[in-house]
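Chemist:
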Amino acid sequence: MAMTLRLRADEDRALALLARAHGCSKQEAARRAIISAAARMLEDEQVHELAQQRLAEYRDIAQRLHPQSRETPR
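Numbering (the numbering used here), first residue to last: 4 to 77.
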């Protein structure tokens, strides 16, 4: 599902910093933030499963992009 996210300049800056820290696009950083917040705040099994799946995917991607690094994304 497509969606437009309208942000103020300060919110866009925060998102850009988050994306840079994760080494991903602002779109991906927003998705990660949404899933992460939902997994922490909600008692929903589907959300928790989604978070676990995405975390595994992020680790796999990070290892492929940076095979010499053993650090995983948080």
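Every residue, glycine too, gets a C-beta built ideally from N, C-alpha and C. Quick caveat: nothing in here was measured; it's all calculated off a predicted structure.
#1: Going by C-alpha to C-alpha distance, which of Arg9, Cys27, Leu21 sits closest to Arg62?
#2: In this structure, how does DSSP classify Asp144 when only helix, strand and coil are distinguished?
#3: Using DSSP with H/G/I as helix, E/B as strand and the rest coil, what is Leu8?
#4: Give me, in chain order, the residues of the same chain whose beta-carbon lies closer than 7 Å to that of Ala41; leave out the 5 immediate sequence neighbours on both sides.
Modeler: On the basis of the supplied data:
#1: Nearest of Arg9, Cys27, Leu21 to Arg62, Cα basis: Cys27.
#2: A query on residue 144 cannot be resolved here, the shown segment of the chain reaching from 4 to 77 and no further.
#3: coil
#4: Val50
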